[in-house]
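Engineer:
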Amino acid sequence: MDGLDGPLTDGLRPFREFLVYLDHFGLTALPFAESTSTEVLVPLSTRDAARRRLRYGLEQGQGPVLLFGPPGSGKTVVAASLARELGGRTIHLSYPAMPAPQFLAFLADELDGLHRVPGAEAPGLHATLRRLRTQLAGPASRGKPVLVIVDEAQLIDDRGTFEALRLLQNFSSAGPPDLRLMIVGSPEVLLTLPPSLADRLTARYALGSMTEEESAAYVVGRLEKAGARLPLFDDEQLSAMHLHAEGLPRRLNRLADLTLLMAFAEGLDRPDARCLDIAVRDACPDPLLA
184 MDGLDGPLTD
194 GLRPFREFLV
204 YLDHFGLTAL
214 PFAESTSTEV
224 LVPLSTRDAA
234 RRRLRYGLEQ
244 GQGPVLLFGP
254 PGSGKTVVAA
264 SLARELGGRT
274 IHLSYPAMPA
284 PQFLAFLADE
294 LDGLHRVPGA
304 EAPGLHATLR
314 RLRTQLAGPA
324 SRGKPVLVIV
334 DEAQLIDDRG
344 TFEALRLLQN
354 FSSAGPPDLR
364 LMIVGSPEVL
374 LTLPPSLADR
384 LTARYALGSM
394 TEEESAAYVV
404 GRLEKAGARL
414 PLFDDEQLSA
424 MHLHAEGLPR
434 RLNRLADLTL
444 LMAFAEGLDR
454 PDARCLDIAV
464 RDACPDPLLA
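Oh and the sequence shown: position 261 is 444 in our numbering, straight run, nothing missing.
Set out below in C-alpha cells:
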C-alpha cells in the first residue's frame, strides 16, 4: 500500500478513532494508551526503585520528596502508583504556575471539592491558610496525611509559591507534617527550587530512560495486559524500538501503537520491518530533515 508512506495523520486517522485494530490482533484494550491505572502498570526495576526511595522519604523522613526526569520518562505514572500504595487522599496539581495566594486558594478549593466561578474574588491569604490548616489536620490525626503532588514544578516562576509549599510543611498537629509533599518536574526544576525548600528534601530521585531490557519488558507487558496471546514484536524489533524511543515510555507507546496500526492497515498478522520503519519516520522524525 504505497499510500502508507505518507503521514499517518491523514489517511489513517479513522483507524485510530475506531480502534479497529484491536479485533485484528485479538486485543481487549488499546495497549499503548496513556494511563496511570494499576491494571496496565508493568513492574520495572528502575521504576520500583523510585517508588521505594520516595516512599521511604515520605514515611520515614517525613519531609518533601523530589522526582525529576526528562519529558515522557513516566514521572506521573510513578507518582500516581506511589499515591495508591500510600493510600489516603491525594491532590494532584498538574499546573502549579500560579502566584502563591492563588496557588494556596486553589489547593484549599481542591481539598474542599469546590469549583470557584471564574473571576470570583478569592478569600484573603490568612483565611486560606486557616482553611488549609483545618483541612490537613483531620486526615493527619487519623494517620493518613493528605499527599499533595505538585507536577510540572519546573513551570513555577514565582519563588513565593515555593515558599508557600515550604511553609505548609510547618503545619503539624501531632509531630510530623500534616501533609505529604511530592514535587515532580523536568531536570530544570533543580535550577528553580530554592535552597530553603531543597534543604528540606528527604528524598530525591532522578528518573531516567529505561534499559533495553526494561523497554522490551514494558512493550511485551503492555500487550499482555491488553489481551495479546501471541508475541507481536520480535527481539530485533523490540531492540530497534528502544533505540529510536531512547528508552522513554511515552515515545515507546507512540511508536508501538503506530507500528501496530501500520500492520493492521496492511492486513498483516504481526508487524514486519517495513511497518516499523514507517512508524519510526512518523513517531521519531529526524529534526535535521524538518
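Every residue, glycine too, gets a C-beta built ideally from N, C-alpha and C. The model shown is predicted, which means the values in this text are computed figures rather than measured ones.
1) Are the CB atoms of Pro454 and Phe416 within a distance shorter than 9 angstroms?
2) On the criterion of 16 or more Cβ atoms from any shown chain inside 10 Å, does Asn353 qualify as buried, or is it exposed?
3) In whole angstroms, what separates the C-alpha of Arg316 from that of Pro377?
4) Using a 10 Å radius around the Cβ and a threshold of 16 neighbouring Cβ atoms, would you call Leu435 buried or exposed?
5) Here's the rule: buried if 16 or more other CB atoms are within 10 angstroms of the residue's CB, otherwise exposed. What is Ala232?
6) In terms of residues, what are the limits of the alpha helix (DSSP H) holding Ile461?
7) One question on the structure: do Leu210 and Ala439 come within less than 9 angstroms of each other, judged by their Cβ atoms?
8) Taking only runs of the alpha helix (DSSP H) that begin and end inside the segment 415-445, which ones reach a length of at least 4 residues, in chain order?
9) Starting from Leu312, trace the alpha helix (DSSP H) in both directions and tell me its first and last residue.
10) Which class does Tyr388 belong to by DSSP, given the choice of helix, strand or coil?
11) Helix, strand or coil for Arg412 per DSSP?
12) Rounded to the nearest angstrom, what separates Arg236 and Leu443 at their Cα positions?
13) DSSP three-state label for Val248, please.
14) Do Leu241 and Leu269 have their C-beta atoms closer together than 9 angstroms?
15) With a Cβ-Cβ cutoff of 9 angstroms, do Val248 and Arg349 count as a contact?
16) Give me the DSSP bridge partner(s) of His207.
17) Taking DSSP as the reference, what is the three-state secondary structure of Gly257?
Structural biologist: Reading it off the structure:
1) As a position in the sequence shown, residue 416 is number 233, starting the count at 1. As a position in the sequence shown, residue 454 is number 271, starting the count at 1. Taking 9 angstroms as the Cβ cut-off, Phe416 and Pro454 qualify as a contacting pair.
2) On the sequence shown, residue 353 is found 170 positions in, with the first residue counted as 1. In summary, Asn353 is exposed, with fewer than 16 beta-carbon neighbours lying within 10 Å of its beta-carbon over all protein chains present.
3) What you label residue 316 is simply residue 133 of the sequence shown in a count that begins at 1. What you label residue 377 is simply residue 194 of the sequence shown in a count that begins at 1. Each residue's CA atom was taken as its position, placing Arg316 and Pro377 some 23 angstroms apart.
4) Mapped onto the sequence shown, residue 435 falls at position 252. With 16 or more neighbouring CB atoms inside 10 Å of its own CB, Leu435 falls in the buried class.
5) Position 49 of the sequence shown, counted from the first residue, corresponds to residue 232. Exposed: under 16 other Cβ atoms inside 10 Å.
6) For the purposes of this step, residue 461 is taken as residue 278 along the sequence shown, with counting starting at 1. Ile461 -> alpha helix (DSSP H) spans 456-466.
7) Within the sequence shown, residue 210 is the residue found at index 27, counting from 1. Within the sequence shown, residue 439 is the residue found at index 256, counting from 1. No, the pair does not count as a contact, with Cβ atoms beyond the cut-off.
8) If we require 4 residues or more, the alpha helix (DSSP H) runs fully inside the segment 415-445 come out as 418-428.
9) Translated into the one-based positions of the sequence shown, residue 312 becomes position 129. Counting along the chain, the unbroken alpha helix (DSSP H) around Leu312 starts and ends at 308-324.
10) Counting from one through the sequence shown, the residue named residue 388 turns up at place 205. Reduced to three states, the DSSP call for Tyr388 is strand.
11) Here residue 412 refers to the residue found at position 229 of the sequence shown. In the structure shown, Arg412 sits in coil (DSSP, three-state: anything other than H, G, I, E or B).
12) In the sequence shown, counting from the first residue as 1, residue 236 sits at position 53. In the sequence shown, counting from the first residue as 1, residue 443 sits at position 260. C-alpha separation (whole angstroms): 36 angstroms.
13) Within the sequence shown, the letter at position 65 stands for residue 248. Note: Val248 maps to strand in three-state DSSP.
14) If you number the sequence shown from 1, residue 241 lands on position 58. If you number the sequence shown from 1, residue 269 lands on position 86. Contact: yes.
15) Locating residue 248 in the sequence shown gives position 65, counting from the first residue. Locating residue 349 in the sequence shown gives position 166, counting from the first residue. In this structure, the beta-carbon distance from Val248 to Arg349 does not fall below 9 angstroms.
16) As a working note, residue 207 is residue 24 in the sequence shown. BP columns for His207 are empty, so no partner.
17) Taking the sequence shown and counting its residues from 1, one reaches residue 257 at position 74. DSSP places Gly257 outside both helix and strand once states are collapsed to three, so it counts as coil.
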